[in-house]
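In the working numbering, the protein residues as written are -10 to 118.
(1) Buried or exposed for residue 102, going by 16 or more other Cβ atoms inside 10 Å?
(2) Using a 10 Å radius around the Cβ and a threshold of 16 neighbouring Cβ atoms, would you call residue 57 buried or exposed?
(3) Does DSSP put residue 29 in a helix, in a strand, or in coil?
(4) Report all residues from its chain with a CB closer than 7 Å to the CB of residue 100; omit the five preceding and five following residues, and keep chain order.
(5) Counting pairs of beta carbons, one from the segment 60 to 76 and one from the segment 30 to 45, are three or more of them closer than 8 Å?
(6) For residue 97, does the three-state DSSP call read helix, strand or coil?
(7) Sorted by chain position, which residues of the same chain lie with C-beta nearer than 6 Å to residue 95's C-beta, five sequence neighbours on each side aside?
(8) To which residues does DSSP link residue 35 through a beta bridge?
(9) Once you ignore the five residues that flank residue 30 on each side, which residues in its own chain have a CB closer than 6 Å to its CB?
(10) List the DSSP bridge partners of residue 73.
(11) Quick one: what does DSSP say residue 90 is sitting in, helix, strand or coil?
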């Protein structure tokens, strides 16, 4: 009986881990797919990371603040810029940048704008493929 319970528990844990990984992979592919349909080789895009000043100290785990967000601007995606509201942590930004690099995007420049309540960082990317 104990072996059956252990087996079921292990199966449920593996299922949960697999589904979380699949969900994250699906989101990354979706970002690249959106950009490929909106841009062509040589086009620029901006990945914007907007954080509340207090989010600066929650860079690992993120937060679900209403002002924090990730957005992509291509010049022709008006109304569909926002990728996510809230902030999932700096690892999500690194994952997006790595995925874009693997799919032919080159990081050209990064700049930050710091206001009283917001920190906005723009990653300027160019499509090479």
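In this text, a Cβ means the ideal position worked out from N, Cα and C, and glycines have one as well.
Working from what's here:
(1) By 1-based counting over the chain shown, the position of residue 102 is 113. Taking all protein chains shown into account, residue 102 has fewer than 16 neighbouring C-beta atoms within 10 Å of its C-beta and is therefore exposed.
(2) For the purposes of this step, residue 57 is taken as the residue at position 68 of the chain shown. Residue burial annotation: residue 57 is buried, with at least 16 other C-beta atoms found within 10 angstroms of its C-beta.
(3) For the purposes of this step, residue 29 is identified with residue 40 of the chain shown, where counting begins at 1. The three-state secondary structure of residue 29, taken from DSSP, is coil.
(4) Here residue 100 corresponds to residue number 111 of the chain shown, with the count starting at 1. Cβ neighbours of residue 100 beyond the five flanking positions: 111.
(5) The segment 60 to 76 and the segment 30 to 45 touch, with no fewer than 3 CB-CB distances between them shorter than 8 Å.
(6) The sequence position of residue 97 within the chain shown is 108, counting from 1. When DSSP states are grouped into helix, strand and coil, residue 97 belongs to the strand group.
(7) In the chain shown, counting from the first residue as 1, residue 95 sits at position 106. Within the same chain, 115, 117 come within 6 Å of residue 95 by CB-CB distance, once the 5 residues on both sides are set aside.
(8) On the chain shown, residue 35 is found 46 positions in, with the first residue counted as 1. Within the DSSP secondary-structure output, residue 35 pairs in a beta bridge with 62, 113.
(9) Along the chain shown, read from residue 1 onward, the residue named residue 30 stands at position 41. The answer, listed in chain order, is 116.
(10) Position 84 of the chain shown holds residue 73. Residue 73 is bridged to 59.
(11) The residue labelled residue 90 in the question sits at position 101 within the chain shown. Note: residue 90 maps to helix in three-state DSSP.
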